[in-house]
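See structure below.
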Amino acid sequence: MARFISQRLLSLVPTMLGLSLIVFLILKLTPGDPAFVLAGANATEEQIRNIRIAYHLDDPLPVQYGQYIVQAIRGDLGQSLRTRRPVISELLERLPASLELGATAFAISLLVGVSAGVLSAERQYSLWDNLGMVLALVGISVPIFWLGILLILLFGVQLGWLPTSGAGDWKHLILPAGTLGLSSAAIVARQTRSAMLEVLKQDYVRVARAKGLAEHVVLVRHALRNAAIPTVTVLGLQFGNLIGGVVVTETVFAWPGLGRLIVESISFRDFPVVEGGVLLMAGVFVLANLCIDLLYGYLNPRIRLG
Amino acid sequence: MATSTRVSGWGSSLGAPGVFPVATGIGRALARRQVALLGAAIVGTIGVLAIVGPLMAPYDPISQRLLDRLEPPSPAHWMGTDNLGRDIFSRLLFGARITLGVGFAAAAAAAVLGVAVGTAAGYYGGRLDNVLMRLVDLLLALPSVLFALTIIAALGNSVPNLIVAIACAAIPTFARLSRGSALGVRTADYIEAARSVGAGDSRIMARHVLPNISAPLIVQFTLQFSSAVLAASALSFLGLGVQPPTPEWGAMLSDARTVMQMAPHVAIFPGCAILLFVLALNLLGDGLRDALDPHLRSRR
């Protein structure tokens, strides 16, 4: 297992290097002279020249990228053009709020999605199954920002039960995490139902029932465990959707996280923060997928030993 | 299926299954799936409205009538008015053209480029396949929203840039799918037969490989179209896509945020429009997948 983990950890290095190169090259597509963008509209020729020297903008692209990577390894992602603070400080201030939101939403999606999928499969074609799958289809199709708006209107404005924006105590987390989690739970529920229906037809499930085991033991210990691999695959894919959802949800609920910082920074054309923010979120995504890989190894020894 | 001996315009006289039999099969299988037909009907209706809607719109979608602001639905304004007194129904009709147009253009561009890259990789194999697929894997490691945001950050806000951003983020999915399918057919007898009568690589890919890998690509296109509509409206909602006063469904929801507590209808109708269209596309996509997947079809 240690070898499996170290191999997967090593594979992160080229992935992150490749991602950083892609983001670096895309941001170099910015039309016009970046020195003008950095210096602002009223800058003098001398100020623009100084910026060129300070940011090594006259160097060839491979040299610029090399310098960026060396500095990034040292924890220096440059300076925000808006606040003049180090980018890394800006990002690390916002990261915990995004992780809190993402982790809570993930837990909701896991709990709601897996429970709904298992119940639907167990009572196939029942009213519960049909209702659950219609809701799941609507959940997949609903724009996440609109779901957020509807929940704000219902629980914040009409009922007045929950705060509608900002971060604070646990009550502030319910609406944004619920919005994000329910949207993701829809996909998990569909996949869990599908995987469970396959597994429930297997002989070992029939044998477990014939032995007289309680239905919940059959479902959880025998069926769900074997249906876990396709469900885990979908959970892994859901990390990407969750990260996209975090960006939108944070804007709807004025949640002070990384996604909102990136959106604000794009509006202010604060490229160092956009670059650092995108890379940090991509890093979280890659790490989350590593965890899924490790979970595969745990669930299926053939993957670990193959 | 009796497709293998048919001759079609796309296929050949060499026994390759063509695209028309696939299309006929899709039609027949869809006809048995009422939910998918309902999805197709809704998509078709909204598509037609997007084309002819501007001719039917009762009001100018941009001109402001501040005396009529935030009016609830009424016979004069079927869906009410927004915070600048603009008729929401007219804005939805005009907005359909932009939202659906951006989504369709992005999905189509991603499909063309992704399928070209994936088919070439799968057909030629070897070093080209290795290089292209490592690049695709790398792009897949970047969540699509982050990818699109980075492109918007670099290029700026505009409708063409929005299409480019969403399309670029979707190319890897099409490339992966078409590469896998092309790998499966490149050693087929009809490919060998085409090669033996002197057909060139590009002709074989266009006339023999592509028609025979089209089924999963059609399904993927439907699903990608719905994702692209969601992405376009999300980016416009964030203020990074279509800019005011142009009517676009996501941008209309963004405008609604400031007044939705006083006038919820301003936020409800554009959201319903997005939900209805995406839901219909997903119903159609699910139906197509069931119709085209022999495994799922045989279980029914």
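If you read the sequences in order, they're chains S and U.
For the first sequence, our numbering gives the first residue as 1, with consecutive numbering after it.
For the second sequence, our numbering gives the first residue as 307, with consecutive numbering after it.
By construction, the Cβ of each residue, glycine as well, lies at the ideal position given by its N, Cα and C atoms.
Computed from a predicted model, the values in this text were never measured in an experiment.
Annotated as distal: S/L258 and S/A223, with beta-carbon spacing of 9 angstroms or more. Chain order gives the chain U residues near S/I140 as N588, where near means a beta carbon separation below 7 angstroms. When DSSP states are grouped into helix, strand and coil, S/P96 belongs to the helix group.
The C-beta separation of U/V525 from U/G591 comes to about 6 angstroms, placing the pair in contact by the 8 angstroms criterion. Listed along chain U, the residues sitting closer than 8 angstroms to S/L19 by beta-carbon distance are L444, A447, L448. Cα atoms of U/L544 and S/F285: separation of roughly 22 angstroms, rounded to the nearest angstrom.
In chain order, P143, F145, W146, V248, T251, V252 make up the part of chain S whose C-beta sits under 9 angstroms from the C-beta of U/F543.
Within the segment 22-34 of chain S, the residues whose Cβ lies closer than 8 angstroms to some Cβ of chain U are I22, V23, I26, L27, K28, L29, T30, P31, listed in chain order. Close to chain U, meaning a Cβ-Cβ distance shorter than 7 angstroms, are the following residues of the segment 286-300 of chain S: V286. As computed with DSSP, U/T387 is found in a beta bridge with U/D393. The beta carbons of U/A488 and U/V515 sit about 5 angstroms from each other, so the pair counts as a contact at 8 angstroms. Taking one beta carbon from each stretch, the segment 344-364 of chain U and the segment 575-595 of chain U have 3 or more pairs nearer than 8 angstroms; the two touch. The C-alpha of U/T528 lies about 42 angstroms from the C-alpha of S/V207.
Distance between U/L483 and U/D435, taken at the CA atoms: about 13 angstroms. Distance check between S/A136 and each of S/P230, S/Q191, S/W146 places S/Q191 closest, using alpha-carbon atoms only. Residues of chain S with a Cβ closer than 7 angstroms to the Cβ of U/L399 do not exist; the shortest Cβ-Cβ separation is about 19 angstroms. Distance from S/F145 to U/L559 at the Cβ level is roughly 6 angstroms; contact confirmed, criterion being Cβ atoms closer than 8 angstroms. For a cut-off of 8 angstroms, the C-beta gap from U/G409 to U/F531 is around 6 angstroms, short enough to register as a contact.
Contact annotation, U/V503 with U/I497: C-beta distance approximately 11 angstroms; criterion of less than 8 angstroms not satisfied. For U/A459, the nearest beta carbon of chain S is closer than 9 angstroms to its own beta carbon. Rounded to whole angstroms, S/V273 and U/T493 show a C-alpha spacing of 49 angstroms. In the DSSP annotation of this structure, the continuous segment of the alpha helix (DSSP H) that includes U/S539 starts and ends at 520-543. The contact set of S/I149 on chain U, defined by CB atoms closer than 8 angstroms, consists of L559, A562, R563, M566, A573, G577 in chain order. Straight across, the Cα-Cα distance linking S/V13 with S/V263 is about 27 angstroms. Between U/R375 and U/T387 a beta carbon distance of about 6 angstroms is seen, short of the 8 angstroms cut, so the two are scored as contacting. For S/P86, the pairing in a beta bridge is given by DSSP as S/Q79. Residue state for S/D270 is assigned as coil, using DSSP reduced to three classes. In this structure, the straight-line span from the alpha carbon of U/A557 to that of S/E93 is close to 30 angstroms. Exclusion of the five residues before and after S/R209 leaves V218 as the residues of its chain whose Cβ lies within less than 7 angstroms of its Cβ.
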